[in-house]
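Some notes on the structure that comes next.
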Amino acid sequence: MTTKLVQSSLSEDETVTCIIRNLEGLKVVYESDDYLVVNKDYDLLINSDNPHIKVTLQTQLENKYPELANPNLGHQFHFCHRLDYATSGLLCVAKHKHAAAAMSAAMSNRRVTKVYVALLRGSISQELIDVHGTIGEPPDPALAALRVCADEGLRQRQAHTRLLLLQTGHYNGAEASKVLLLAATGRRHQLRAHCSSLGYTIVGDYTYSNRQDTSPTRMMLHAYHFSVHLNGESLDITTEDPFSESSLASQWKPAVTWNELNKESLLKLIKKKS
45 MTTKLVQSSL SEDETVTCII RNLEGLKVVY ESDDYLVVNK DYDLLINSDN
95 PHIKVTLQTQ LENKYPELAN PNLGHQFHFC HRLDYATSGL LCVAKHKHAA
145 AAMSAAMSNR RVTKVYVALL RGSISQELID VHGTIGEPPD PALAALRVCA
195 DEGLRQRQAH TRLLLLQTGH YNGAEASKVL LLAATGRRHQ LRAHCSSLGY
245 TIVGDYTYSN RQDTSPTRMM LHAYHFSVHL NGESLDITTE DPFSESSLAS
295 QWKPAVTWNE LNKESLLKLI KKKS
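Take 45 as the starting number for the sequence shown in the working numbering and just add one per residue.
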């Protein structure tokens, strides 16, 4: 078992749920001589310098693959990209520096495809949406955890996200939409900031909902698909859907289906990739 849910009473009608991860919780979905791809749990750090945090993706890897840990690296492993603490899903780890360099070059040349599935607040009425614009740091230091899609942002970088609408319906009685998100670029918080800029924050995104969206047990953003063609190796990996009606214990109730979550929808989303 990878997690434990612990509820602590705060008052007669209020509880807080804590998620306890363990070192044996690593989920490997792909392995070759050069790469590992893992399905990261939500609410799990990739690494941490805090000695009080005992379970991270790094320590899970150290537990299962001690022979791959490299003390000369800052965090023991060649993490090819990042996922936020609250985001679950596919993350690629290179087994050695040559594989890491090859993946880094592929990412720099935009030959890596990363697609996410998400639940958003609100009912979207457009099937396909492209979001272009800069993402930068907010001028106010008090908002340093955020990224802003506005001209006043600091250290701005161009970003591109494509959204494909899968379903509209309700999450816990409120209007919601299930979507696929293509991260055509890889800026920090890109998907969260771009969805927020459209007026549809991700369900459970505490940061981009102005600290209002606190009722869901997690942020509903999952790295669903990862693919890349390298010299001598091709990775084409897709996970199960963590946001199906059955997986969310009927909290998510779809009403209208625009696209099924399948290979055809992935191709529709990716085919115009730029």
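Where a beta carbon is used, it is the ideal one built from N, C-alpha and C, also for glycine.
Here the structure is a predicted model, which is why all the values come from computation and not from measurement.
Sequence-distant residues of its chain with Cβ nearer than 6 Å to residue i (five each side left out)
i: Pro260; result: Val247 and Gly248
i: Leu135; result: Val82, Lys84 and Leu127
i: Met147; result: Cys124 and Ala138
i: Leu89; result: Thr100 and Tyr129
i: Thr282; result: His269
i: Ser92; result: Thr100
i: Arg231; result: Ile179, Arg201 and Ala203
i: Ser253; result: Thr245
i: Lys307; result: none
Backbone secondary structure at residue i - three-state DSSP
i: Gln200; result: strand
i: Cys124; result: coil
i: His96; result: coil
i: Leu135; result: strand
i: His142; result: helix
i: Leu210; result: strand
i: Glu75; result: strand
i: Gly177; result: strand
i: Lys48; result: Residue confidence for Lys48 is low, a pLDDT of 46 falling below 50, so the modelled location carries little weight; the figure read from the coordinates is stated next. Strand.
i: Leu80; result: strand
i: Ala150; result: helix
i: Leu112; result: helix
i: Leu67; result: helix
i: Leu117; result: coil
i: Leu172; result: strand
i: Tyr129; result: coil
i: Thr205; result: strand
i: Tyr252; result: coil
Proximal residues to residue i (C-beta, below 7 Å), its chain only, five neighbours per side dropped
i: Lys297; result: Gly213, His214 and Glu289
i: Met264; result: Ala162, Leu163, Ile246, Val247, Gly248 and Phe287
i: Glu106; result: Ala113 and Gln120
i: Leu313; result: Val159, Arg206, Leu208, Leu224 and Leu226
i: Leu274; result: Ala146 and Ala150
i: Val72; result: Leu80 and Val82
Nearest-angstrom Cβ-Cβ length linking residue i and residue j, presumed shorter than 8 Å
i: Arg206; j: Asp174; result: 5 Å
i: Ser152; j: Tyr86; result: So it is not a contact: roughly 28 Å between Cβ atoms.
i: Gln200; j: Ile179; result: 7 Å
i: Gly118; j: Gly243; result: That pair is no contact at about 38 Å.
i: Gln104; j: Leu67; result: 6 Å
i: Thr229; j: Ala267; result: Actually they are not in contact, since the Cβ atoms of Thr229 and Ala267 sit about 15 Å apart, beyond 8 Å.
i: Leu279; j: Tyr74; result: 7 Å
i: Asp285; j: Ser294; result: Contact doesn't hold; Cβ gap of about 15 Å is too wide.
i: Asp78; j: Glu219; result: 44 Å between Cβ atoms; not a contact.
Unbroken alpha helix (DSSP H) run spanning residue i, endpoints
i: Asn107; result: Leu101 to Lys108
i: His238; result: Gln234 to Leu242
i: Leu313; result: Lys307 to Ile314
Beta carbon proximity, residue i to chain B, threshold 8 Å
i: His214; result: Structure shown: chain B not included; a single protein chain is present.
Same chain, Cβ closer than 8 Å to residue i, five either side skipped, listed in chain order
i: Leu235; result: Tyr160, Ala162, Thr205, Leu225, Ala227, Ile246 and Leu265
i: Ser309; result: Leu208, Leu210, Leu224 and Asn303
i: Leu70; result: Val82, Leu101, Gln104, Leu105, Asn107 and Lys108
Delimiting residues of the beta strand (DSSP E) encompassing residue i
i: Ile281; result: Glu277 to Thr282
i: Glu219; result: Ala218 to Ala227
i: His273; result: Leu265 to Leu274
i: Ala299; result: Trp296 to Thr301
i: Tyr86; result: Looking at the DSSP string, Tyr86 is not in any beta strand (DSSP E), and its letter there is neither H nor E.
i: Leu163; result: Val156 to Arg165
Taking one C-beta from the stretch 113 to 128 and one from the stretch 297 to 306 each time, how about it: are there three or more such pairs within less than 8 Å?
-> no
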